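Student:
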Amino acid sequence: MNMSISDRMFGEERRLKIAEIISKDKSISVSELSKLFNVSESTIRRDLHVLEEKGFIQRTHGGAILNVGTHYEPAFFEKEDVELEAKRKIGKIAASMIEEGDSIILDAGTTTLEIARNLKNTKLTVVTNSPLIAIELSKHEDIELIVTGGIQRWRTKALVGPIAEMVIKQFKVDKAFIGTNAISFEDGLMTPDLIEANTKKAMCDVASEVYIVADHTKFGKKSFVKFADIKDITAIITDDEIDYEIVRKYEQANIDILSFGRDEDDDNDSNGESSDRQDNNC
Numbered sequence: 607m608n609m610s611i612s613d614r615m616f617g618e619e620r621r622l623k624i625a626e627i628i629s630k631d632k633s634i635s636v637s638e639l640s641k642l643f644n645v646s647e648s649t650i651r652r653d654l655h656v657l658e659e660k661g662f663i664q665r666t667h668g669g670a671i672l673n674v675g676t677h678y679e680p681a682f683f684e685k686e687d688v689e690l691e692a693k694r695k696i697g698k699i700a701a702s703m704i705e706e707g708d709s710i711i712l713d714a715g716t717t718t719l720e721i722a723r724n725l726k727n728t729k730l731t732v733v734t735n736s737p738l739i740a741i742e743l744s745k746h747e748d749i750e751l752i753v754t755g756g757i758q759r760w761r762t763k764a765l766v767g768p769i770a771e772m773v774i775k776q777f778k779v780d781k782a783f784i785g786t787n788a789i790s791f792e793d794g795l796m797t798p799d800l801i802e803a804n805t806k807k808a809m810c811d812v813a814s815e816v817y818i819v820a821d822h823t824k825f826g827k828k829s830f831v832k833f834a835d836i837k838d839i840t841a842i843i844t845d846d847e848i849d850y851e852i853v854r855k856y857e858q859a860n861i862d863i864l865s866f867g868r869d870e871d872d873d874n875d876s877n878g879e880s881s882d883r884q885d886n887n888c
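Add 606 to the 1-based position in the sequence shown for our numbering, that's all there is to it.
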């Protein structure tokens, strides 16, 4: 970047911006950050020390890299703008799959919030463990809204724990849309927190169809706790940055990958030859 960010920026705001940059770029030097924010290198080193103590980064000689440890979990406000365009696309795809009269579960998360923002003028029953999704959906009189209750996790704004699980287990829904921190072909769907993993598992267990909503950066990652096996889900809804080789690998295992742009590719298979990919109908 040619322009520096104002040096009047408060320390906490600056650290959040640094965290966002490292989340996207994976690494950066102290000197680059110093020039970008127009502050001294010693100030940047103190910022990096704070971020390292929080578990977000690992300091290196002259800079910092993203901490890829399985226990780290970014807070809601740290990730709500990360891959935002991808999340908006995923939200539109997922919403298009919801039919009039459906009963659905919306897991708490930044991507599922985008699904909620696309649910308009549709008669639905929605179960959610997200106060933020509940606020968004409370605007629509045609949506019957059920909020699980439970203990709110500050980092994810999710209602979790025994109360949430007990409420969820009372229902049988048509579709569940579940967020995840990591998708591993071998190890399944994972998240850093044990209690939240149990709540996600309860959601999967009561749904006839389970859709994982995750941008392309979640593939090939691992986290601390598995809440579902790949074979237990209906499909993964992602963005169009997903690598085609990843798509082939999952679809060869009969797991659909649904994303913007792929329907057109399927329709354009040449000379009427059969494709080894399934229709997505997004």
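Note that beta-carbon positions come from the ideal geometry of N, C-alpha and C, so glycine has one too. Only a predicted model underlies this, so the values are computations on that prediction, with no experimental measurement involved.
1. Between which two residues does the beta strand (DSSP E) holding R665 run?
2. Taking only runs of the alpha helix (DSSP H) that begin and end inside the segment 684-746, which ones reach a length of at least 4 residues, in chain order?
3. Would you kindly work out how many angstroms separate the C-alpha atoms of L642 and I634, rounded to a whole number?
4. Please state the DSSP three-state secondary structure of T676.
5. Excluding sequence positions up to five away, which residues of its chain have a Cβ less than 7 Å from the Cβ of G900?
6. Out of I848, D821, K781, D713, which one is the CA nearest neighbour of E691?
7. Compute the Euclidean distance between the alpha carbons of L751 and E626, then round it to the nearest angstrom.
8. Could you check the C-alpha separation between T676 and L654 for me, to the nearest Å?
9. Among A714, R652, I801, whose alpha-carbon lies nearest the alpha-carbon of G785?
10. From I624 to L639, what distance separates their C-alpha atoms?
11. Note the first and the last residue of the continuous alpha helix (DSSP H) segment covering R651.
12. From the DSSP output, in three-state form, read off G755 for me.
13. If you compare alpha carbons, which of A670, T754, K745, W760 is closest to R723?
14. Please look up how many angstroms separate the CB atoms of A808 and K775, rounded, as I've assumed it's under 8 Å.
15. If A740 sits next to T734, beta carbons under 8 Å apart, how far is it from one beta carbon to the other, in whole angstroms?
16. So E689 and T823 are supposed to be a Cβ contact under 8 Å. How far apart are they, rounded?
17. Indicate whether V656 and E647 have their beta-carbon atoms separated by less than 8 Å.
18. Taking only the alpha-carbon atoms, compute the straight-line gap between Y850 and A841 and give it to the nearest angstrom.
19. Out of R761, W760, M772, state which residue places its alpha-carbon closest to the alpha-carbon of V753.
20. Cα-Cα, which of K630, K632, I650 is closest to E619?
21. Excluding five sequence neighbours on each side, which residues of the same chain lie with their C-beta closer than 6 Å to the C-beta of K827?
22. Tell me the start and end of each unbroken alpha helix (DSSP H) in the segment 615-648 that is at least 4 residues and wholly inside, in chain order.
23. Which residue comes first and which comes last in the beta strand (DSSP E) that contains T805?
24. Who are the Cβ neighbours of K778 in its own chain at under 6 Å, not counting the five residues just before and after it?
25. In angstroms with no decimal places, state the Cα-to-Cα distance between K579 and H667.
26. With a threshold of 16 other CB atoms inside 10 Å of the CB of L765, please say whether the residue is buried or exposed.
Tutor: Put simply:
1. Per DSSP, R665 belongs to the beta strand (DSSP E) from 663-666.
2. DSSP runs (the alpha helix (DSSP H)) wholly in the segment 684-746: 690-702, 716-722, 737-743.
3. If you take the alpha carbons of L642 and I634, they lie about 11 Å apart.
4. Reliability of the predicted coordinates at T676 is poor, the pLDDT of 49 falling under 50, and the value obtained from them is presented with this limitation in mind. In this structure, T676 counts as coil in the three-state DSSP scheme.
5. Because the chain here runs from 607 to 888, residue 900 falls outside it and cannot be looked at.
6. Per the Cα distances, D821.
7. Distance between L751 and E626, taken at the CA atoms: about 33 Å.
8. Any reading at T676 needs caution, since the residue's pLDDT is 49, under 50, leaving its predicted position unreliable; the model's value is listed next. About 20 Å.
9. Closest by alpha carbon: A714.
10. In this structure, the straight-line span from the alpha carbon of I624 to that of L639 is close to 8 Å.
11. Residues 647-659.
12. Annotated three-state conformation of G755 is coil, per DSSP.
13. Looking at A670, T754, K745, W760, the one whose alpha-carbon comes closest to that of R723 is K745.
14. Rounded to the nearest angstrom, the Cβ distance from A808 to K775 is 6 Å, consistent with a contact under 8 Å.
15. Right, their Cβ atoms sit about 6 Å apart.
16. Confirmed, Cβ separation roughly 6 Å.
17. In this structure, E647 does not lie closer than 8 Å to V656 by Cβ.
18. Straight-line Cα distance between these residues: approximately 16 Å.
19. Looking at the Cα atoms, M772 is the closest of the given residues.
20. When each option's Cα is compared against that of E619, the closest is I650.
21. A788, listed in sequence order.
22. Taking 4 residues as the minimum length, the alpha helix (DSSP H) runs contained wholly in the segment 615-648 are 617-631, 636-643, in order along the chain.
23. Where T805 is concerned, there is no enclosing beta strand (DSSP E), although the alpha helix (DSSP H) it sits in stretches over 800-811.
24. Counting only Cβ-Cβ distances below 6 Å, and skipping sequence neighbours, we find V812.
25. A query on residue 579 cannot be resolved here, the shown segment of the chain reaching from 607 to 888 and no further.
26. L765 is buried by the Cβ-count criterion.
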